[in-house]
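Enquirer: There's a structure below that I have some questions on.
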Amino acid sequence: MDKMQTDILIIGGGAAGMSAAMSVAENSNLRVLIVDDNPTLGGQIWRSEMGKIKSPEAKKLIEKIEQNEIEILNKAQVFAQNDEKSLLAETPNGAVQMHFEKLILANGARERFLPFPGWTLPNVFGAGGLQALVKSGLSVENKRIVVSGTGPLLLAVAEYLKSKGAIILLISEQTSRMKLLKFGLGLWRIPKKFFEAIKLQSKLQRTVYLTNSFVIKAEGKENLEAVNIVQNGKNRRVECDFLACGFHLVPNIELALMLGCEIMDGNVLVDKFQETTLENVFCVGEPTGIGGVELSLTEGKIAGLSAIDKKEKAKELFTQKEKLQRFANALNETFSLRDELQSLPNEETIVCRCEDVTFGKIKDFNSFREAKLQARCGMGSCQGKICGSATEFLFDWKNESVRPPIFPVKLENLVD
Amino acid sequence: MKKIKLQINNESVSIQEGSTVATAIFESDAKTFRKSVSGENRFPLCGMGICFECRVTIDGVKHQRSCQILVREGMKIETDG
Chain A
55 MDKMQTDILI IGGGAAGMSA AMSVAENSNL RVLIVDDNPT LGGQIWRSEM GKIKSPEAKK
115 LIEKIEQNEI EILNKAQVFA QNDEKSLLAE TPNGAVQMHF EKLILANGAR ERFLPFPGWT
175 LPNVFGAGGL QALVKSGLSV ENKRIVVSGT GPLLLAVAEY LKSKGAIILL ISEQTSRMKL
235 LKFGLGLWRI PKKFFEAIKL QSKLQRTVYL TNSFVIKAEG KENLEAVNIV QNGKNRRVEC
295 DFLACGFHLV PNIELALMLG CEIMDGNVLV DKFQETTLEN VFCVGEPTGI GGVELSLTEG
355 KIAGLSAIDK KEKAKELFTQ KEKLQRFANA LNETFSLRDE LQSLPNEETI VCRCEDVTFG
415 KIKDFNSFRE AKLQARCGMG SCQGKICGSA TEFLFDWKNE SVRPPIFPVK LENLVD
Chain B
4 MKKIKLQINN ESVSIQEGST VATAIFESDA KTFRKSVSGE NRFPLCGMGI CFECRVTIDG
64 VKHQRSCQIL VREGMKIETD G
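See below:
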């Protein structure tokens with residue numbers, strides 16, 4: 055097995071991870087290694103488009119990372135702990151052992167998906183999911199698309215798909231107009247966010263944006279043909295080619311859980327210096343609470359400085375972080391899920407897509423563990439990453455027991 | 004931009020360099036990515052390597068996430084239909 059040695063190991067090459075890496079590199083001579091499962095750096099928010107990063111901010115950061123000779127291991131999925139100071143990752147060339155002095159977790163987030171009748175039909179995608187596929191070459195030209203779910207991502211995705219020639223039939227947002235207005239007014243306090251919102255709005259001017267609205271059913275014989283949307287008790291059927299549907303984000307906490315970091319309210323618990331409840335293990339960005347790219351960048355800087363014991367310098371960033379944190383809290387509150395979404399699945403609706411476990415088969419259980427052991431819910435390849443966050447909302451279950459490997463790996467790499 | 008040639012269920016497909024295998028499958032005649040345990044056709048959902056719905060066989064290796072892997076010249080891909 056290949057072995058790598060570094061001072062600061064960073065898991066995740068998105069905004070938070072790259073920011074942490076630069077923070078270490080600019081303030082010390084220590085070795086830094088970034089490990090990421092994607093083919094290129096950038097994470098989800100700065101996902102490259104056919105191998106090219108578009109955001110000027112991201113480009114600048116990646117350039118700096120290259121100039122500072124920060125080591126990067128791409129296409130590598132961390133799946134287990136080797137010992138207290140080393141982790142194991144699977145790469146296309148086999149397993150790698152990575153030894154470190156300090157560890158910074160920057161695993162990012164994924165979309166929350168909620169089950170509704172027809173959501174397993176081909177051409178029903180996540181909202182960010184469809185955007186990611188288009189960025190890797192999928193054509194949406196002249197495709198009729200409904201964008202639905204909740205969160206600021208819906209607007210960004212709709213605008214992106216439109217710029218690629220898609221016909222956005224409508225955007226269906228589950229939160230209320232009232233909550234959105236309140237949040238929108240709050241943006242005045244953060245001019246950069248405000249102008250971003252205005253820019254998005256103007257690009258989507260002729261697009262129908264429904265609030266208080268959600269998809270209750272997707273229909274189609276083989277592939278998606280239409281969706282049923284409800285708004286204020288009224289139903290409408292919309293024929294479409296694609297549905298892009300996501301319900302905001304869920305933090306990727308599996309690695310932190312496996313290592314034994316304490317979790318609070320679904321997020322990795324950290325102190326002001328981004329240190330987890332484990333010594334020398336830090337956590338930044340979405341796993342500490344969904345907060346967006348700017349908060350991720352700031353937390354990355356703080357963690358980098360903390361990891362090299364420059365705590366006084368880290369403290370200078372606390373005010374900035376608090377401000378961004380307040381914005382994140384307001385955003386999460388605005389897009390919190392309405393209870394009606396819990397009653398979307400019927401008896402036959404699949405909840406666990408890996409094992410095809412239906413809502414009817416699990417609804418009477420008391421915990422995710424029971425559903426796992428007795429109905430195989432969450433026992434498939436994704437290891438409950440999709441149905442776990444769905445059942446957390448549907449039944450208030452916690453899926454907080456993980457066992458290595460946290461991602462499926464080839465047997466040879468496990469044995470090795 | 005350079006085109007990459009690969010095989011999907013024995014069909015020749017030519018696609019832009021930098022595309023993922025998932026994109027190439029969308030461009031092909033394949034009816035599905037995988038069949039679920041109860042026989043449903045499944046396509047990618049998350050697009051970022053989390054959901055495992057886009058699993059296919061690549062060069063004989065099963066259960067590869069097609070949304071995370073870039074196309075290479077001469078790749079042989081098999082879907083479940």
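In the order they appear, the protein sequences are chains A and B.
First residue of the first sequence: 55, per this note's numbering; consecutive thereafter.
First residue of the second sequence: 4, per this note's numbering; consecutive thereafter.
Glycine included, C-beta positions come from ideal geometry on N, C-alpha and C.
1. Go to Gln-135/A, then tell me how far its beta strand (DSSP E) extends in each direction, as first and last residue.
2. Can you tell me the Cα-Cα spacing of Arg-68/B and Ala-112/A, whole angstroms?
3. Would you call the stretch 12-28 of chain B and the stretch 46-63 of chain B touching, i.e. three or more CB-CB distances under 8 Å?
4. Show which residues of chain B have a CB atom less than 8 Å away from the CB atom of Asp-319/A.
5. Does the Cβ of Thr-373/A have 16 or more other Cβ atoms within 10 Å, making it buried, or fewer, making it exposed?
6. Tell me whether Ala-298/A counts as near the ligand NAD, meaning its Cβ is closer than 7 Å to at least one heavy atom of that ligand.
7. Would you verify that the beta carbon of Glu-14/B is, or is not, closer than 8 Å to some beta carbon of chain A?
8. Assuming Asn-161/A and Gly-66/A make a contact with CB atoms under 8 Å, what is their CB distance in whole Å?
9. Quick one: is Gly-191/A buried, meaning 16 or more other Cβ sit within 10 Å of its Cβ, or exposed?
10. Can a CB atom of chain A be found closer than 8 Å to the CB of Ile-80/B?
11. Is there contact between the stretch 106-122 of chain A and the stretch 78-96 of chain A, where contact requires at least three CB pairs shorter than 8 Å?
12. Cβ of Phe-327/A within 8 Å of Cβ of Ala-368/A?
13. Please report the distance separating the alpha-carbon of Arg-166/A from that of Ser-41/B.
14. Could you compute how far the alpha carbon of Lys-65/B sits from the alpha carbon of Lys-38/B?
15. How many angstroms separate the CA atom of Gly-287/A from the CA atom of Lys-79/B?
16. Using a Cβ cut-off of 8 Å (strictly closer), state whether Arg-75/B contacts chain A.
17. Could you pull out every unbroken beta strand (DSSP E) segment of at least 3 residues lying fully inside the stretch 369-432 of chain A, listed in chain order?
18. Between the beta-carbon of Lys-355/A and the beta-carbon of Ser-77/A, is there less than 8 Å?
19. Along the stretch 27-41 of chain B, where does the CB come closer than 9 Å to a CB of chain A? Name the residues.
20. Measuring alpha carbon to alpha carbon, tell me which residue in Leu-235/A, Ile-221/A and Lys-253/A is nearest Glu-293/A.
21. Could you tell me if Gly-300/A is buried or exposed, where buried requires 16 or more neighbouring beta carbons within 10 angstroms of its beta carbon?
22. Name, please, each residue of chain B whose Cβ falls closer than 9 Å to the Cβ of Phe-167/A.
23. Is the CB of Gln-98/A under 8 Å away from at least one CB in chain B?
24. Per DSSP, which residues does Leu-303/A bridge with? Please list them.
25. What three-state label does DSSP hand Glu-111/A in the structure shown?
26. Identify, in the order they occur along the chain, each residue of the same chain with its Cβ nearer than 7 Å to the Cβ of Ala-361/A, setting aside the five sequence neighbours on each side.
27. Looking at the C-beta of Met-55/A, does it have a partner C-beta in chain B at a distance below 8 Å?
28. Tell me the rounded alpha-carbon separation between Val-338/A and Lys-271/A.
29. Can you find the residues in the same chain that come closer than 6 Å, C-beta to C-beta, to Ser-17/B, ignoring five residues on each side of it along the sequence?
30. Identify the continuous beta strand (DSSP E) that holds Phe-336/A and give its terminal residues.
31. Roughly how many whole angstroms lie between the Cα atoms of Ala-280/A and Leu-224/A?
32. By Cβ distance below 7 Å, which residues in the same chain neighbour Thr-412/A in space, the five residues on each side in sequence not counted?
33. Compute the beta-carbon to beta-carbon distance between Ile-283/A and Val-269/A, rounded to the nearest angstrom, for a pair I have assumed lies under 8 Å.
34. Would you verify that the beta carbon of Asn-92/A is, or is not, closer than 8 Å to some beta carbon of chain B?
35. Sort Tyr-214/A, Leu-127/A, Gly-205/A and Gly-320/A by Cα distance to Asn-453/A and report the nearest one.
36. Quick check on the DSSP output: what are the complete alpha helix (DSSP H) runs of length 4 or more inside the stretch 267-327 of chain A, in order along the chain?
Expert: So, from the data block:
1. 131-137
2. 26 Å
3. yes
4. Neighbours of Asp-319/A on chain B: none; closest Cβ ~21 Å, over 8 Å.
5. exposed
6. Summarising the ligand content, the structure contains no ligands, and the ligand NAD is consequently not present.
7. no
8. 5 Å
9. buried
10. no
11. yes
12. yes
13. 24 Å
14. 13 Å
15. 50 Å
16. no
17. 404-406
18. yes
19. Ala-27, Phe-29, Glu-30, Lys-34, Thr-35, Phe-36, Ser-39, Val-40 and Ser-41
20. Ile-221/A
21. buried
22. Leu-48, Cys-49 and Cys-54
23. yes
24. Glu-165/A
25. helix
26. Ile-62, Val-78, Lys-156, Ile-158 and Phe-336
27. no
28. 37 Å
29. Lys-6 and Lys-8
30. 335-337
31. 13 Å
32. Glu-401, Glu-402, Thr-403, Ile-404 and Val-405
33. 6 Å
34. yes
35. Gly-320/A
36. 308-313
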